[in-house]
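Take the sequence shown: its letters are residues 55 to 139, numbered as in the numbering used here.
Step one of this worksheet: look at the structure below.
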Amino acid sequence: MKVKIALCLLTALVLTGCSKLNKENYDQLKMGMSQDEVSSVIGAADNCSKTMGAVSCVWGNEEAKHVKIVFMGDKAVTFSYDGLE
55 MKVKIALCLL
65 TALVLTGCSK
75 LNKENYDQLK
85 MGMSQDEVSS
95 VIGAADNCSK
105 TMGAVSCVWG
115 NEEAKHVKIV
125 FMGDKAVTFS
135 YDGLE
């Protein structure tokens with residue numbers, strides 16, 4: 055019986071989309087954080103690209119809710135977001 059209850063709760067949790075991509079977590083980000091530190095707060099980036107020593111990463115969908123961070127020398131230097139609640 056306990057296994058069924060745990061399975062139901064786990065399923066409900068997955069279906070509610072417990073995203074770490076929200077304004078509360080975004081507000082925890084600080085200049086100078088490493089990409090690993092950022093990922094521990096808002097999850098793994100959905101897309102990263104490298105240009106001339108900088109790494110630009112996007113969490114979420116650029117057409118909807120997302121966070122963009124640029125890293126130089128593995129330190130966050132710029133932050134932006136759109137659609138976070």
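Just so you know, even glycine gets a beta-carbon here, dropped at the ideal spot from N, CA and C.
- Straight-line measurement puts the Cα of M126 at about 9 angstroms from the Cα of S88.
- CA-to-CA, the gap between Y80 and M106 works out to about 26 angstroms.
- Taking C-beta separations shorter than 6 angstroms and ignoring five residues to either side along the sequence, the partners of V124 in its chain run A108, S110, V131, T132, following chain order.
- DSSP lists W113, Y135 as the bridge partner or partners of V121.
- Excluding its 5 nearest sequence neighbours in each direction, D100 has C-beta neighbours in its own chain below 7 angstroms: V112, W113, G114, listed in chain order.
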